[in-house]
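If you read the sequence shown in our numbering, its first letter stands for residue -7, the second for the next number, and so on. Take a look at the structure below.
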Amino acid sequence: MKEIPISKFKATCLAVLERVRVTNEPVRVTRFGKPDAEIVPPSNERPRRRVGVLGLGRIVGDIVGPVGDISDWEAAQDGPWDPPPSKSETE
């Protein structure tokens, strides 16, 4: 693996990146003789699919309207928690 000082890398960054792309050979960037970074060629692998992504779907029918009749819901039924009807409702 070729090593290049960070000062030279800064001056020739685009040329170094192009060389790595063409030769597929990584380059190690050093600072004061110690490794600071490695420039590696990009992989040609396809990105992995993310968990929970199902892909394309198709909407069929009404997605905004209610699923069923409100009388089917137990929570919508009259119960002891309902307030008594007001006088205007009974007249």
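Glycine included, each C-beta is placed from N, C-alpha and C at the ideal position. All values derive from a computational prediction rather than experimental measurement.
Count the other C-beta atoms from every protein chain shown that fall within 10 angstroms of the C-beta of residue i, then say buried if there are 16 or more, exposed otherwise.
i       : result
Phe1    : buried
Ile(-2) : exposed
Whole-angstrom Cβ separation of residue i and residue j, contact assumed at under 8 angstroms?
i       : j       : result
Arg11   : Met(-7) : No, Arg11 and Met(-7) are not in contact; Cβ-Cβ is about 13 angstroms, not under 8 angstroms.
Pro84   : Glu30   : Residue coverage of the chain in this structure runs from -7 to 83, which leaves residue 84 outside it and unanswerable.
Arg13   : Pro27   : Contact flag wrong, Cβ pair sits at about 21 angstroms.
Glu(-5) : Thr22   : 5 angstroms
What are the start and end residues of the beta strand (DSSP E) that includes residue i?
i     : result
Ile31 : 26 to 31
Thr22 : 19 to 23
Spell out the partners DSSP gives residue i in its beta bridges.
i       : result
Pro77   : Answer is none; Pro77 lacks a bridge partner.
Pro(-3) : Thr22
In terms of residues, what are the limits of the alpha helix (DSSP H) holding residue i?
i     : result
Glu10 : 5 to 15
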